[in-house]
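*Asks:*
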Amino acid sequence: MFDVYSENASYHLGDVLPVLLLGVVGGILGSLYNFLLDKVLRAYNFIYEKGVTWKILLACAISIFTSCLLFGLPFLASCQPCPADALEECPTIGRSGNFKKYQCPPGHYNDLASLIFNTNDDAIKNLFSKNTDFEFHYFSVLVFFVTCFFLSIFSYGIVSPAGLFVPVIVTGASYGRFVGMLLGSNSNLNHGLFAVLGAASFLGGTMRMTVSTCVILLELTN
């Protein structure tokens with residue numbers, strides 16, 4: 025869509041409106057994210073006034089809750105058959121690999137587990153990738169978006185170091201990917217590009233640095 029050297033446009037006028045709406049909604053979600061984050065940090069400051077013990081207990085409670093939640097959520101997703109044109113082993117059992125087996129029969133993978141049990145960097149790559157329109161289900165991407173949205177809010181501000189930049193990109197990418205999946209064949213753009221645009225809109229809405237966001241996303245995606 026942003027290839028300025030190509031003689032033929034890879035998108036049509038009908039693709040512009042969904043992209044505009046994607047940016048507007050992403051900005052609104054970013055503002056909501058900042059609002060909720062401010063409320064959570066105020067609550068954390070009230071807890072921290074009680075002493076160091078409460079800081080440690082809060083971090084432990086959030087860590088245990090996060091671990092239980094992330095381990096249990098993939099049970100909600102159904103197993104998907106491995107793509108016939110997969111470029112890597114499917115399913116994978118070890119720490120590496122994008123197609124996580126997670127209680128699925130041979131020849132199948134759990135798409136939600138593939139997002140959750142990867143690093144944030146690998147999850148971003150999976151969401152940004154082209155020609156992967158059928159690797160993820162609507163429900164799995166929506167659950168992943170909601171999970172990232174709220175867990176990144178509650179994980180920020182505890183005694184263990186936690187940033188916002190990469191989690192915001194992951195959250196925005198899952199939001200954009202979900203919108204692209206909803207549009208389906210009604211748009212000429214692939215789901216990976218929608219993920220990039222969703223990450224840009226959500227990042228711009230939360231960080232309020234629009235020009236820097238454009239540079240960062242263009243550098244990330246070449």
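Just so we're aligned, residue 25 is where the sequence shown starts under our numbering, counting upward by one. C-beta: ideal position from N, C-alpha, C; glycine also.
Kindly confirm or deny that the region 230 to 243 and the region 209 to 219 touch, where touching means at least three C-beta pairs closer than 8 angstroms.
*Replies:* Touching, no.
*Asks:* Let's test the definition: count the other Cβ atoms within 10 Å of the Cβ of Leu46 and tell me whether it reaches 16, buried, or not, exposed.
*Replies:* Against the sequence shown, residue 46 aligns to sequence position 22. Classification for Leu46: buried.
*Asks:* Starting from His257, follow the beta strand (DSSP E) in both directions and report where the run begins and ends.
*Replies:* Residue 257 is absent from the model: the chain starts at 25 and stops at 246.
*Asks:* Whose CA, out of Phe174, Leu207, Ser225, Ser198, lies closest to the CA of Ile86?
*Replies:* For the purposes of this step, residue 86 is identified with residue 62 of the sequence shown, where counting begins at 1. Ranking the options by Cα distance to Ile86, first place goes to Phe174.
*Asks:* Is the beta carbon of Ile148 less than 9 angstroms from the beta carbon of Leu97?
*Replies:* Counted from its first residue, the sequence shown places residue 148 at position 124. Counted from its first residue, the sequence shown places residue 97 at position 73. Cβ atoms of Ile148 and Leu97: not closer than 9 angstroms.
*Asks:* Among Cys84, Leu60, Gly54, Asn134, which residue has its Cα nearest to the Cα of Ile182?
*Replies:* Counting from 1 along the sequence shown, the entry for residue 182 is found at position 158. Nearest of Cys84, Leu60, Gly54, Asn134 to Ile182, Cα basis: Cys84.
*Asks:* Quick one: using the 10 Å Cβ neighbour count with 16 as the cut-off for buried, is Gly196 buried or exposed?
*Replies:* Indexing the sequence shown from 1 puts residue 196 at position 172. Gly196 comes out buried.
*Asks:* Whole angstroms are fine: how far does the CA of Gly50 sit from the CA of Phe226?
*Replies:* The sequence position of residue 226 within the sequence shown is 202, counting from 1. The sequence position of residue 50 within the sequence shown is 26, counting from 1. Each residue's alpha carbon lies about 5 angstroms from the other.
*Asks:* Answer with buried or exposed for Tyr29, where buried requires no fewer than 16 other C-beta atoms within 10 angstroms of its C-beta.
*Replies:* Residue numbering aside, residue 29 sits at position 5 when the sequence shown is read from its first letter. Because Tyr29 carries a pLDDT of 48, less than 50, the predicted location of this residue cannot be relied on, and no value is offered for it.
*Asks:* Whether or not the region 198 to 208 and the region 120 to 129 are in contact is what I'm after, with contact meaning three or more pairs of Cβ atoms, one per stretch, closer than 8 angstroms; do they touch?
*Replies:* The answer is no - the region 198 to 208 does not touch the region 120 to 129, with fewer than three Cβ pairs under 8 angstroms.
*Asks:* DSSP on Pro191, reduced to helix/strand/coil?
*Replies:* Looking up residue 191 in the sequence shown gives position 167. Pro191 falls in the helix class under three-state DSSP.
*Asks:* Can you name, in chain order, every residue of its own chain whose Cβ lies under 8 angstroms from the Cβ of Val40, other than the five neighbours on each side?
*Replies:* Mapped onto the sequence shown, residue 40 falls at position 16. Excluding positions up to five away in sequence, the list is empty.
*Asks:* For Ser55, I'd like the list of residues in its chain whose CB is within less than 7 angstroms of its CB, leaving aside the five on either flank, ordered along the chain.
*Replies:* For this step, residue 55 is matched to residue 31 along the sequence shown. The answer, listed in chain order, is Gly229.
*Asks:* Give me the DSSP bridge partner(s) of Pro105.
*Replies:* For the purposes of this step, residue 105 is taken as the residue at position 81 of the sequence shown. Paired residue(s): His132.
*Asks:* Just curious, the alpha helix (DSSP H) that Met233 is in, first and last residue?
*Replies:* In the sequence shown, residue 233 corresponds to position 209, counting from 1. Met233 -> no alpha helix (DSSP H), and no H or E assigned at all.
*Asks:* Please list, in chain order, all residues of the same chain as Tyr57 whose beta carbon is under 6 angstroms from its beta carbon, the five residues on each side excluded.
*Replies:* Mapped onto the sequence shown, residue 57 falls at position 33. Closer than 6 angstroms at Cβ, skipping near neighbours: Thr230.
*Asks:* Locate the alpha helix (DSSP H) running through Pro42, then write down its first and last residues.
*Replies:* Counted from its first residue, the sequence shown places residue 42 at position 18. Run containing Pro42: 40 to 72, per the alpha helix (DSSP H) assignment.
*Asks:* If we call anything under 9 angstroms between Cβ atoms a contact, is Val19 one with Tyr180?
*Replies:* Absent from the model: residue 19. The displayed extent of the chain is 25 to 246, so no value can be given.
*Asks:* Could you tell me whether the region 124 to 137 touches the region 148 to 166, where touching means 3 or more Cβ pairs closer than 8 angstroms?
*Replies:* Yes: the two stretches touch, three or more of their Cβ pairs being nearer than 8 angstroms.
*Asks:* Comparing alpha-carbon positions, which option in Ala219, Asn155, Gln127, Val239 lies nearest Pro42?
*Replies:* For this step, residue 42 is matched to residue 18 along the sequence shown. If we check each option's Cα against that of Pro42, Ala219 comes out closest.
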